[in-house]
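Structure record follows, encoded as structure tokens.
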């Protein structure tokens, strides 16, 4: 799996508005507590999204497409186009599952060193079929157990990678001599 990254190049795009749908029982869900969003994408949805965005993005680049989708979802859920950061992508058959991290929650330290502690609030987002003239609709729900588990594994792997990196950096530090200096 690739490391966490955000696309460094600025993609000037006219982001389409998204009509958000969910089940009635989730209408009052506090979306500000979401730590991760996992998007279900088919090749057809990806093509349609590329067609409706006025973008400088490379149409053949999955990274550019993921970056645009992250910006659209970030604006839709949080009102800020830079609040979601790409975490990982997995392909299963003809579908891609793209996971994003809420950077605000990451900075707050909500994603503790123990992601199994139940602090992750993951939602799944699916793009619904619409006609080209209609506003693009998305449907979201709290993540199913399998999706939550995949995100937990990925977050745990990243935490372990950082922990190993820090431990290596500390082991390379030469401790200073204590006591009188010999000349």
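Residue numbers (the working numbering): 2 to 184. Even glycine gets a Cβ: it sits at the ideal position worked out from N, Cα and C. The model shown is predicted, which means the values in this text are computed figures rather than measured ones.
Excluding the five sequence neighbours on either side, which residues of its own chain have a C-beta within less than 7 Å of the C-beta of residue i, listed in chain order?
i	result
residue 124	35, 38, 141, 142, 143, 144
residue 131	137, 138
residue 18	136
residue 190	As shown, the chain starts at 2 and ends at 184. That puts residue 190 outside it, with no answer to give.
Using 7 Å as the cut-off, classify the Cβ of residue i as near or not near the heavy atoms of the ligand FAD, replying yes or no.
i	result
residue 79	Absence of the ligand FAD is noted for the structure shown, with no ligands found whatsoever.
Applying the 10 Å Cβ sphere with the 16-neighbour rule, what's the burial state of residue i?
i	result
residue 75	buried
residue 150	exposed
residue 71	buried
residue 27	exposed
residue 97	buried
residue 77	buried
residue 47	buried
residue 65	buried
residue 129	exposed
residue 93	exposed
residue 20	exposed
Could you check the C-alpha separation between residue i and residue j for me, to the nearest Å?
i	j	result
residue 95	residue 127	14 Å
residue 89	residue 82	18 Å
residue 117	residue 106	Note on residue 117: pLDDT 46, under 50, position unreliable in the model; the coordinate value appears next. About 16 Å.
residue 44	residue 79	26 Å
residue 154	residue 161	10 Å
residue 1	residue 91	The displayed coordinates of the chain run from 2 to 184. Any statement about residue 1 would go beyond what the structure contains.
residue 50	residue 157	31 Å
residue 134	residue 170	55 Å
residue 148	residue 120	15 Å
residue 25	residue 146	20 Å
residue 32	residue 63	26 Å
residue 52	residue 40	18 Å
Based on the DSSP secondary-structure assignment, which residues constitute the bridge partners of residue i?
i	result
residue 38	101, 124
residue 154	In the DSSP output, where bridge partners are listed per residue, residue 154 has none listed.
residue 138	20
residue 96	43, 93
residue 143	124
residue 85	103
Which whole-angstrom value describes the C-beta separation of residue i and residue j, a residue pair presumed to lie in contact below a C-beta threshold of 8 Å?
i	j	result
residue 99	residue 159	16 Å between Cβ atoms; not a contact.
Beta-carbon within less than 8 Å of residue i's beta-carbon, same chain only, minus the 5 sequence neighbours each way: which residues are those?
i	result
residue 10	Low confidence applies to residue 10: its pLDDT is 45, below 50, so where it sits in the model is not reliable, and the reading given next is rough at best. For residue 10, where only same-chain residues beyond five positions count, there are no Cβ hits under 8 Å.
residue 16	54, 69, 72, 73, 76, 82
Enumerate in chain order the residues of its own chain whose CB-to-CB distance from residue i is below 6 Å, with the five nearest sequence positions on each side excluded.
i	result
residue 122	34, 35, 36
residue 23	141
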